[in-house]
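Visitor: Structure provided below as structure tokens; questions to follow.
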Amino acid sequence: MSPLRADEQRRACNIVGVDDLEILDFPDGLLEPTHELRKAIARKIREFRPNAVVVTTFDLKVQWGLNHVDHRHAGVAAVDAIRDADNPWVFTDLKDGGLEAWKADRLLINGAQPTHAVALTAEHVNRGVRSLEAHKVYLNALSDHPAPKDMIPGITTSGGELAGVDYALPITVVDM
Numbered sequence: 001m002s003p004l005r006a007d008e009q010r011r012a013c014n015i016v017g018v019d020d021l022e023i024l025d026f027p028d029g030l031l032e033p034t035h036e037l038r039k040a041i042a043r044k045i046r047e048f049r050p051n052a053v054v055v056t057t058f059d060l061k062v063q064w065g066l067n068h069v070d071h072r073h074a075g076v077a078a079v080d081a082i083r084d085a086d087n088p089w090v091f092t093d094l095k096d097g098g099l100e101a102w103k104a105d106r107l108l109i110n111g112a113q114p115t116h117a118v119a120l121t122a123e124h125v126n127r128g129v130r131s132l133e134a135h136k137v138y139l140n141a142l143s144d145h146p147a148p149k150d151m152i153p154g155i156t157t158s159g160g161e162l163a164g165v166d167y168a169l170p171i172t173v174v175d176m
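So this is what it looks like as structure tokens:
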């Protein structure tokens, strides 16, 4: 990721209250679900030892059009890395380096076919819009990307309809 894109991501995180950002060193637009990417994600899972891993949908078609290739590949790699992180026979050098296998109990996928919804306030939605808007260079390079002010409220309003509230993030919960 370029320094400019990393700065955009830091600003976006700051807007929504994320204090700790870890950026894996893979190039924008060229991400592939390789063993190298899976290992990098599995390493972070073993380091942080989360109960759940959250990913964006990795479906090709999404509510706002076609999903970006990097988002699809990152999602698939993350699903595989969750299993890799729990498998002591995969990436044994991580274990040799002191990172024992770790099982994340759940995978949370935002997007299609939701099984659950996380209720949000109007302020959460506004912060989400501003956070996505912080990715100015990225968004300017994608002429077909919907405007954050349309995309985020659209997703969260339809999620809210499913949950019986004004706004919600629709998610699929998968027990691992």
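Residue numbers (the UniProt record's numbering): 1 to 176.
Think of the CB as a built atom: it goes at the ideal place given N, C-alpha and C, for glycine as much as any other residue.
From a predicted model like this one, the values you see are computed outputs, not experimental measurements.
Give, in chain order, every unbroken run of the beta strand (DSSP E) that is at least 3 residues long and sits entirely within the stretch 17-96.
Guide: Counting whole runs of 3 or more residues, the stretch 17-96 contains the beta strand (DSSP E) stretches 52-56.
Visitor: If you count every other CB in all the chains shown that lies within 10 Å of the CB of Gly75, and 16 or more means buried, which is it?
Guide: Looking at its Cβ environment, which holds 16 or more other Cβ atoms inside 10 Å, Gly75 is buried.
Visitor: Assign Gly160 to buried or exposed, taking buried as 16 or more other Cβ atoms, counted over all protein chains shown, within 10 Å of its Cβ.
Guide: Result: buried.
Visitor: Which two residues bound the contiguous alpha helix (DSSP H) that contains His124?
Guide: That run of the alpha helix (DSSP H) goes 122-133.
Visitor: Is it a yes or a no for the stretch 154-174 touching the stretch 114-125, going by three-plus beta-carbon pairs under 8 Å?
Guide: Contact holds: three or more Cβ-Cβ distances are below 8 Å.
Visitor: Rounding to the nearest angstrom, what Cα-Cα distance links Arg43 and Leu94 in this structure?
Guide: When rounded, the distance between both Cα atoms is 7 Å.
Visitor: Between which residues of its own chain and Val54 is the CB-CB distance below 7 Å, once the five residues before and five after are set aside?
Guide: Cβ neighbours of Val54 beyond the five flanking positions: Leu108.
Visitor: Determine, for Leu66, whether the minimum Cβ-Cβ distance to residues of chain B falls below 8 Å.
Guide: No chain B is present in this structure, which holds just one protein chain.
Visitor: Rounded to whole angstroms, what is the Cα-Cα separation between Glu8 and Asp96?
Guide: Computed Cα separation, rounded: 35 Å.
Visitor: Kindly indicate which residue of Lys61, Asp70, Cys13, Ala12 has the alpha-carbon position closest to the one of Thr34.
Guide: Minimum Cα distance to Thr34 is reached at Asp70.
Visitor: Go to Ala101, then tell me how far its alpha helix (DSSP H) extends in each direction, as first and last residue.
Guide: Ala101 -> no alpha helix (DSSP H), and no H or E assigned at all.
Visitor: Report the residue from Val129, Phe48, Pro27, Pro153 whose alpha carbon sits nearest the alpha carbon of Ala85.
Guide: Ranking the options by Cα distance to Ala85, first place goes to Phe48.
Visitor: Beta-carbon separation of Leu132 and Ala168 under 8 Å?
Guide: Their beta carbons are not under 8 Å apart, which means Leu132 does not touch Ala168 by this criterion.
Visitor: For residue 184, which of Val16, Pro3, Asp59, Asn51 has the nearest alpha-carbon?
Guide: A question about residue 184 goes unanswered here, because the residues of the chain that appear run from 1 up to 176.
Visitor: Looking at the unbroken beta strand (DSSP E) that takes in Val165, where does it start and where does it end?
Guide: Note, Val165: premise wrong, no beta strand (DSSP E); not H, not E.
Visitor: In the DSSP output, what is Thr156 paired with across the bridge?
Guide: In the DSSP output, where bridge partners are listed per residue, Thr156 has none listed.
Visitor: With the cut-off set at 8 Å, would you say Arg38 and Ala77 are in Cβ contact?
Guide: Yes; because the gap between Cβ atoms is below 8 Å, this pair is in contact.
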